[in-house]
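In the numbering used here, the protein residues as written are 72 to 330.
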């Protein structure tokens with residue numbers, strides 16, 4: 072579902088940082104459920120001018136006629152109320168639903184946080200790479216701001232996320248632990264993490280793992296390893312080869328854009 076065509080006020084507005092993996096989680100859910108939306112992307116830090124009127128400093132934010140949602144999981148629960156029969160993000164069975172919610176919470180609080188710091192450790196010094204992913208689809212004035220203020224922005228991001236070699240190493244260990252958990256979940260050759268249909272758990276894992284896998288179908292992140300530091304590229308190749316990595320790449324290949 073294109074996010075550039077429909078612009079009427081009744082259509083949900085997704086306020087985002089385009090490269091944010093939490094925003095990608097929401098984009099995927101919207102498109103999987105075939106819900107039209109308009110995405111308003113912002114350069115990091117500049118995004119706060121758009122979010123502060125909703126009482127938040129972070130993205131994603133989904134603005135609807137009925138309400139405003141400022142957390143990716145809250146957004147998915149709202150979208151689930153709009154889902155067509157058979158496309159629920161959360162199973163109707165209470166036990167299965169609880170499993171999905173527990174996995175989603177694990178991925179949100181551990182994988183998503185760790186993978187962001189790990190990826191930025193390797194990529195934040197590459198000004199051109201940051202320009203491509205931070206400025207995609209953003210207002211021109213923010214792109215000018217990026218060109219002028221990138222050194223300051225980079226330092227602020229490093230400080231706010233505590234990005235150091237030690238923190239990146241710790242984050243990688245946490246990423247691998249989460250991948251091991253998913254490997255075990257998939258050990259019986261099940262097609263999805265919970266139940267027999269795509270759920271919020273699957274979307275959350277694949278979207279939040281994307282910075283460490285760089286799937287070709289990702290709408291923002293480039294998949295090529297050229298130009299990436301060799302240590303990061305080696306880790307990406309290793310994670311791609313795990314059962315969890317292959318599963319996330321399969322979801323991107325088969326169910327990200329072919330809904």
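Yeah, the Cβ is synthetic: ideal placement off N, Cα and C, and Gly gets one too.
- One Cα belongs to residue 270, the other to residue 322, and the distance between them is close to 11 Å.
- If you check the CB distance, residue 289 and residue 280 do not come in under 8 Å.
- Fully enclosed beta strand (DSSP E) runs of no fewer than 3 residues occupy 132 to 134 of the stretch 120 to 206, in order along the chain.
- In the three-state reduction of the DSSP assignment, residue 288 falls in the coil class, being assigned neither a helical nor a strand state.
- For residue 84, the enclosing beta strand (DSSP E) has its first and last residue at 84 to 87.
- For residue 112, the uninterrupted beta strand (DSSP E) run begins and ends at 109 to 112, by DSSP.
- At least 8 Å separates the beta-carbon of residue 86 from that of residue 135.
- In its chain, beyond the 5 residues on either side, 217 have a beta carbon closer than 7 Å to the beta carbon of residue 202.
- In this structure, residue 195 and residue 234 form a Cβ contact; the two beta carbons are roughly 7 Å apart against a cut-off of 8 Å.
- Close CB contacts of residue 95 within its chain, under the 6 Å cut and outside five residues either way in sequence, are with 278 (chain order).
- Collapsing the DSSP output to three states places residue 307 in a helix.
- The Cβ neighbour count for residue 198, taken over all protein chains shown within 10 Å, is under 16; the residue is labelled exposed.
- Contact check for residue 242 against residue 186 passes: the beta carbons are separated by less than 8 Å.
- When rounded, the separation of the alpha-carbon atoms in residue 189 and residue 179 is 15 Å.
- Between the alpha carbons of residue 227 and residue 219 lies a gap of roughly 14 Å.
- Excluding its 5 nearest sequence neighbours in each direction, residue 171 has C-beta neighbours in its own chain below 7 Å: 161, 162, 265, 270, 271 and 272, listed in chain order.
- Per DSSP, residue 327 lies in no alpha helix (DSSP H) and is assigned neither H nor E.
- According to the DSSP assignment, residue 239 belongs to the alpha helix (DSSP H) that extends over 236 to 256.
- In the DSSP annotation of this structure, the continuous segment of the alpha helix (DSSP H) that includes residue 96 starts and ends at 92 to 103.
- When rounded, the separation of the alpha-carbon atoms in residue 90 and residue 206 is 9 Å.
- DSSP places residue 263 in the coil class of the three-state scheme, outside both helix and strand.
- One Cα belongs to residue 326, the other to residue 100, and the distance between them is close to 11 Å.
- Excluding sequence positions up to five before and after residue 310, its CB lies within less than 7 Å of the CB of 250, 283, 284 and 316, all in the same chain and listed in chain order.
- Straight through space, the alpha carbons of residue 212 and residue 252 are spaced by roughly 43 Å.
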